[in-house]
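So the number in our numbering is just where the residue sits in the sequence shown, counting from 1, plus 18. Beta carbons: idealized from backbone N, C-alpha and C, even for Gly. Take a look at the structure set out below.
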Amino acid sequence: MVRKSVFSVIALVFFMLGCSSDNNTNDEGANGGKDSFDRKALLTNIADNIAIPAYQKFSEDITALKASTSNFVTTANASNLVALRQSWITAYTSWQSVGMFQIGKAEELSLRNFMNVYPVTVSDIESNVTSGSYDLTSVTKQDEQGFGALDYLLNGLSDTDAGIVEFYTTNPNASGYKKYISDLVNRMDDLTKQVLADWKNGYRDTFVNNNGSSATSSLDKIVNDFIFHYEKHFRAAKIGIPAGVFSGTPLDTKVEAFYKKDVSKALFNTSLTALQDFFNGKHFASTTTGESLKTYLDFLNTIKNGENLSLLINNQFEASKKKAASLDNDLSNQVRSNNTLMLETYEELQKNVVLLKVDMLQAISVSVDYVDADGD
Numbered sequence: 019m020v021r022k023s024v025f026s027v028i029a030l031v032f033f034m035l036g037c038s039s040d041n042n043t044n045d046e047g048a049n050g051g052k053d054s055f056d057r058k059a060l061l062t063n064i065a066d067n068i069a070i071p072a073y074q075k076f077s078e079d080i081t082a083l084k085a086s087t088s089n090f091v092t093t094a095n096a097s098n099l100v101a102l103r104q105s106w107i108t109a110y111t112s113w114q115s116v117g118m119f120q121i122g123k124a125e126e127l128s129l130r131n132f133m134n135v136y137p138v139t140v141s142d143i144e145s146n147v148t149s150g151s152y153d154l155t156s157v158t159k160q161d162e163q164g165f166g167a168l169d170y171l172l173n174g175l176s177d178t179d180a181g182i183v184e185f186y187t188t189n190p191n192a193s194g195y196k197k198y199i200s201d202l203v204n205r206m207d208d209l210t211k212q213v214l215a216d217w218k219n220g221y222r223d224t225f226v227n228n229n230g231s232s233a234t235s236s237l238d239k240i241v242n243d244f245i246f247h248y249e250k251h252f253r254a255a256k257i258g259i260p261a262g263v264f265s266g267t268p269l270d271t272k273v274e275a276f277y278k279k280d281v282s283k284a285l286f287n288t289s290l291t292a293l294q295d296f297f298n299g300k301h302f303a304s305t306t307t308g309e310s311l312k313t314y315l316d317f318l319n320t321i322k323n324g325e326n327l328s329l330l331i332n333n334q335f336e337a338s339k340k341k342a343a344s345l346d347n348d349l350s351n352q353v354r355s356n357n358t359l360m361l362e363t364y365e366e367l368q369k370n371v372v373l374l375k376v377d378m379l380q381a382i383s384v385s386v387d388y389v390d391a392d393g394d
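Here's what the structure looks like:
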C-alpha cells in the first residue's frame, strides 16, 4: 500500500512537470535558454544588415555635416547657414537609427551621452565660447555638445538667420563661436568614426560569435539596450519628460531639437520606425527582413491572451504611430497647447514597454540588466 502511494506521488509529479513544460512553451513562451533557435543568425542580421549599414549612413551624414560646418565657418552667411542647418537635420535624423546600438565601442565611449543630451546648458556653452577653454571628453561637458548644442548654435542665438549669422561675423566673440561649433562637429565626427571602425575591424565578429544565452551574451546585451533605449531615451525622453509624466508638471523646454522646434516630431517618428524595424529584423534602408526578435518569438510560438506576442507588439507599434500622427510638428508647442495628446501618446508607448520588457524577455529567457528608477 505504501509502495503504491509512493509510485502514485511520483507519477503525479512527472505529470505536473510535463504540464508545466507544455504551458511554458506554448502559452508563456519561457524556454530556459535551451531552445534551438539560431541566435547567431539573428546576431548576424543585426550586425550586417542593420547596425553597420545604419552607422555607415550616419558616418557619411556626419562627414557632410563637417563639410557644411567648414563652409559656414569660412564664409558665414545666410546661405551657408541654411545649408549647415539642413546637414544638421539630416545627421540628426540618421542618429535616430543608431542611438539604440550602445554596445561595443559605442558603450565604451558613452556615445549616446556625448551625442544627444538635451536640453543643453546654454550658460555653459556661452562660457565655453567666451573662454575658448573646455574639454569635450569630460563627462561634465555632455550637456554642452552634440546635436543639442548645435541646435542652440544654429537655431537659438536669434529669431532670424541674419541675426544668427551676426554671432559668427560681427559679434565680439565671433571667432569663439566659430571655433566652438567646429570643435563640436569634429568631435562628433571622431566619435562616429571610432564606432564604425570598431564594428568593421573586429567587433562585428566578436558580436556575432558571442551567441550564447548568458547575461553577457550579445543577444542578452543588445536586447537590453534596445528595450532601455525604447523605455528611457525614446518613450520617456521624447514624450514623457516634456509631458510632465515624471515631474507632474509639463516641461515644454525639454523636447528634442527645442530651438529648431518644427523637427521634434519628425525625429520622434524616425526613431519609432527604427525601433519597430529592429524588432522585425528589417534591413536598414530596405524592405528585406531577416532573423529577428519577431521571428524568435514566432519560433517559440509565444502566445499571450490567445494572440501571437509578436503580432501584439507590432500592433502596439502601429497604435502608437496612429496616436502620434495627430501631434504638432513642434512637440514643445504640443505640450503648451494640448498636453493631453502627449500624455495619451505616452500611454500607447508604455503598453509596449510591458510587452517587450516583461512578456518578450520572459519568452526568450533574457533578464533585465538595468535599474528602472523612473517609477513606471
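Residue range of the alpha helix (DSSP H) that includes residue i
i: residue 336; result: 327 to 342
i: residue 276; result: Per DSSP, residue 276 belongs to no alpha helix (DSSP H) and is neither H nor E.
i: residue 365; result: 349 to 372
i: residue 73; result: 70 to 92
i: residue 182; result: 179 to 185
i: residue 165; result: 164 to 169
Residues bridged to residue i [DSSP beta-bridge criterion]
i: residue 307; result: 300
i: residue 64; result: Answer is none; residue 64 lacks a bridge partner.
i: residue 272; result: Paired residues: none, contrary to the question.
i: residue 322; result: 325
Of the residues the options, the one placed nearest residue i, counting alpha carbons only
i: residue 274; options: 266, 284, 236 and 369; result: 284
i: residue 211; options: 355, 150, 81 and 363; result: 81
i: residue 314; options: 303, 305 and 297; result: 297
i: residue 360; options: 112, 269 and 246; result: 269
i: residue 214; options: 84, 123 and 89; result: 123
i: residue 330; options: 198, 383 and 378; result: 378
i: residue 384; options: 240, 154 and 109; result: 240
i: residue 166; options: 130, 176 and 318; result: 130
i: residue 136; options: 252, 321, 53 and 225; result: 252
i: residue 196; options: 207, 217 and 183; result: 183
i: residue 286; options: 335, 307 and 320; result: 335
i: residue 351; options: 260, 64, 376 and 311; result: 260
i: residue 236; options: 222, 249 and 247; result: 222
i: residue 112; options: 309, 289 and 312; result: 289
i: residue 347; options: 299, 356 and 282; result: 282
i: residue 145; options: 132, 307, 163 and 55; result: 163
i: residue 266; options: 186, 320, 357 and 199; result: 357
i: residue 303; options: 55, 72, 57 and 58; result: 72
i: residue 157; options: 142, 132 and 175; result: 132
i: residue 192; options: 209, 150 and 208; result: 150
i: residue 307; options: 53, 54, 60 and 55; result: 60
i: residue 390; options: 92, 332, 372 and 381; result: 372
i: residue 276; options: 323, 159, 172 and 108; result: 172
i: residue 380; options: 345, 363, 327 and 341; result: 327
Buried versus exposed, by CB contacts within 10 Å (16 or more), residue i
i: residue 305; result: exposed
i: residue 343; result: exposed
i: residue 354; result: exposed
i: residue 76; result: buried
i: residue 388; result: exposed
i: residue 180; result: exposed
i: residue 40; result: Model confidence at residue 40 stands at a pLDDT of 34, short of 50, so the residue's coordinates are unreliable; what they give is reported in the following sentence. Exposed is the call here.
i: residue 264; result: exposed
i: residue 376; result: exposed
i: residue 126; result: exposed
i: residue 104; result: exposed
i: residue 134; result: buried
i: residue 226; result: buried
i: residue 325; result: exposed
Check: What residue ranges within the region 109 to 141 form continuous alpha helix (DSSP H) runs of no fewer than 4 residues, ordered along the chain?
Finding: Within the region 109 to 141, the complete alpha helix (DSSP H) runs of at least 4 residues fall at 123 to 127 and 129 to 133.
Notebook entry, point to check: Along the chain, which unbroken stretches of the alpha helix (DSSP H) at least 4 residues long are found entirely within the region 193 to 249?
Noted result: For the region 193 to 249, whole alpha helix (DSSP H) runs of length 4 or above, ordered along the chain, are 222 to 227 and 236 to 246.
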